[in-house]
């Protein structure tokens with residue numbers, strides 16, 4: 453097992469997988485929150501637990517992810533340089549620029565959501581005028597946040613694509629796979645937070661809407677995984693070697709048992725076989741959301757480690 457985590461060709465290790473998971477959760481929860489606002493919570497979105505959880509988790513996850521990334525760098529004290537001097541030819545530099553724009557717009561989006569609460573607490577007239585001005589852009593901010601969240605979700609895949617010497621990581625399907633799995637993790641996190649921290653009813657419109665997204669997202673993820681590996685195998689050469697190597701040994705067990713078994717086949721089987729009473733049971737939903745989060749983390753770990761085992 454030690455050889456699965458320590459080998460000569462390893463460049464990025466487990467903290468990067470945590471970083472990728474956190475960014476996926478943030479981007480996915482924003483997309484889901486905007487869908488909820490537009491489709492279900494036409495009014496009083498601020499009172500919904502999923503929206504409130506998103507306004508906390510989305511910025512917190514990005515901030516924590518960046519802290520992990522900064523301190524994982526060989527020279528973390530030089531990170532400020534990336535935040536001031538941009539290199540359009542560097543994936544990392546473009547990512548930092550995206551994070552800055554994303555966080556700025558996220559703050560404006562959160563202000564628009566909590567406009568009434570903010571004006572009740574902070575009384576200066578100029579603050580109220582500024583908050584009302586931002587709130588007037590709320591629908592536009594929704595669209596901008598979805599666009600930025602999608603970019604952030606696919607960016608995590610493009611970041612690994614930059615490691616061109618690793619055939620398994622140099623795959624154009626990877627950004628889409630990470631976007632889909634990020635949405636899956638966001639669904640799991642939203643359900644978990646809604647039920648555990650906010651005590652939301654399992655029959656609430658927002659949880660019912662999110663619950664309906666689970667199976668389609670899992671099927672999309674399954675399809676993308678199939679395309680990911682079929683493309684590698686049929687490409688031949690080192691790409692085929694990388695694909696077959698990743699599906700054997702320790703990381704092969706993680707893939708087949710953890711990602712495919714627990715993360716895909718088990719939810720599909722339970723969705724098809726269980727009654728509505730069980731599927732809307734709080735303990736069932738919390739358990740499945742925990743399994744979903746673990747499965748997405750395992751996918752990130754698998755792609756990161758198995759992807760660095762074979763070089764071109």
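Residue numbers (the numbering used here): 453 to 764.
Glycine included, every Cβ here is placed at the ideal spot set by N, Cα and C.
For residue 540, count neighbouring C-beta atoms within 10 Å of its own C-beta (all shown protein chains included) and say buried if the count is 16 or more, exposed if not. Counting other Cβ atoms within 10 Å of its Cβ, residue 540 stays below 16 and is therefore classed as exposed.
Touching by the beta-carbon criterion (3+ pairs, under 8 Å), the stretch 503-516 and the stretch 668-685: Using a Cβ-Cβ distance cut-off of 8 Å, the stretch 503-516 and the stretch 668-685 are not in contact, since fewer than three pairs of beta carbons, one from each stretch, lie closer than that value.
What is the rounded straight-line gap between the Cα of residue 752 and the Cα of residue 692? Cα atoms of residue 752 and residue 692: separation of roughly 20 Å, rounded to the nearest angstrom.
Nearest residue (CA-CA) to residue 741, options 759, 708, 690, 665: Out of 759, 708, 690, 665, 665 has the C-alpha closest to the C-alpha of residue 741.
Identify every run of the alpha helix (DSSP H) within the stretch 555-616, keeping only runs that are complete inside it and at least 4 residues long; order them along the chain. Assignment of alpha helix (DSSP H) within the stretch 555-616, counting only whole runs of 4 or more residues, yields 567-573, 577-587, 590-613 in chain order.
By the three-class DSSP mapping on this structure, what secondary structure does residue 752 have? Helix, per DSSP.
So the alpha helix (DSSP H) residue 716 belongs to, where does it begin and stop? Taken as a continuous stretch (DSSP letters only), residue 716 belongs to no alpha helix (DSSP H), as it is neither H nor E.
Would you call residue 649 buried or exposed, if buried means 16 or more other Cβ atoms sit within 10 Å of its Cβ? Exposed is the label assigned to residue 649, since fewer than 16 other Cβ atoms lie within 10 Å of its Cβ.
Out of 475, 716, 482, 611, which one is the CA nearest neighbour of residue 668? Nearest of 475, 716, 482, 611 to residue 668, Cα basis: 716.
Would residue 593 count as contacting chain D if we go by Cβ distances under 8 Å? Protein chains in the displayed structure number just one, and chain D is not present.
Measuring alpha carbon to alpha carbon, tell me which residue in 591, 566, 729 is nearest residue 508. The residue with the shortest Cα to Cα distance from residue 508 is 566.
Is residue 726 helix, strand or coil by DSSP? Here DSSP, grouped into helix, strand and coil, assigns residue 726 to coil.
Proximal residues to residue 491 (C-beta, below 8 Å), its chain only, five neighbours per side dropped: Here the set comprises 661.
Determine the direct distance from the alpha carbon of residue 501 to that of residue 595, and round the result to whole angstroms. Residue 595 and residue 501 have their C-alpha atoms some 21 Å from each other.
What residue range does the alpha helix (DSSP H) around residue 650 cover? First-last for residue 650: undefined, no H or E at that position.
Assuming residue 631 and residue 606 are in contact, meaning their beta carbons sit under 8 Å apart, how far apart are those beta carbons, in whole angstroms? Residue 631 to residue 606, Cβ: 5 Å. Contact.
Whether residue 721 touches residue 620 by CB criterion (8 Å): Against a cut-off of 8 Å, the Cβ pair of residue 620 and residue 721 comes out as no contact.
Among 689, 614, 552, which residue has its Cα nearest to the Cα of residue 597? When 689, 614, 552 are compared, the shortest CA-CA separation from residue 597 is found for 552.
Taking buried to mean at least 16 other C-beta atoms within 10 Å of its own C-beta, is residue 730 buried or exposed? Only exposed fits residue 730, as fewer than 16 other CB atoms lie within 10 angstroms of its CB.
Taking a contact to mean a Cβ-Cβ separation below 8 Å, would you say residue 456 touches residue 757 in this structure? Closer than 8 Å, so yes.
At a cut of 8 Å, does the stretch 475-489 reach the stretch 567-578 through at least three beta carbon pairs? Touching, no, given that fewer than three Cβ pairs across the two stretches are closer than 8 Å.
Work out the CA separation of residue 563 and residue 587 for me, nearest whole Å. Looking at the two C-alpha atoms, the distance is approximately 7 Å.
Rounded to the nearest angstrom, how far is the Cβ of residue 505 from that of residue 642, given a contact under 8 Å? Contact holds; Cβ gap of about 7 Å.
Helix, strand or coil for residue 463 per DSSP? Coil at residue 463, not helix or strand.
Straight-line gap, residue 533 to residue 476 (C-alpha atoms, nearest Å): Their backbone Cα atoms lie some 25 Å apart in a straight line.
Is the separation between the beta-carbon of residue 750 and that of residue 461 shorter than 8 Å? Residue 461 is positioned such that its CB atom lies no closer than 8 Å to that of residue 750.
Keeping to the same chain, check which residues put their C-beta closer than 6 Å to that of residue 759; ignore five residues upstream and five downstream. Correct list, in chain order: 618, 620, 621.
Classify residue 710 as helix, strand or coil using the three-state DSSP reduction. Three-state DSSP puts residue 710 in a helix.
Using a Cβ-Cβ cut-off of 6 Å (strictly less than) and excluding sequence neighbours within five positions of residue 635, which residues of its own chain qualify? Shown here for residue 635: same chain residues with a beta carbon closer than 6 Å to its own, the five before and five after excluded, namely 480, 669 in chain order.
Residue 747 versus residue 568 - alpha carbon distance: So the two alpha carbons sit approximately 39 Å from each other.
How would you write the range of the alpha helix (DSSP H) that residue 508 sits in, first residue to last? Residue 508 -> alpha helix (DSSP H) spans 501-524.
What's the C-alpha gap between residue 755 and residue 582? About 45 Å.
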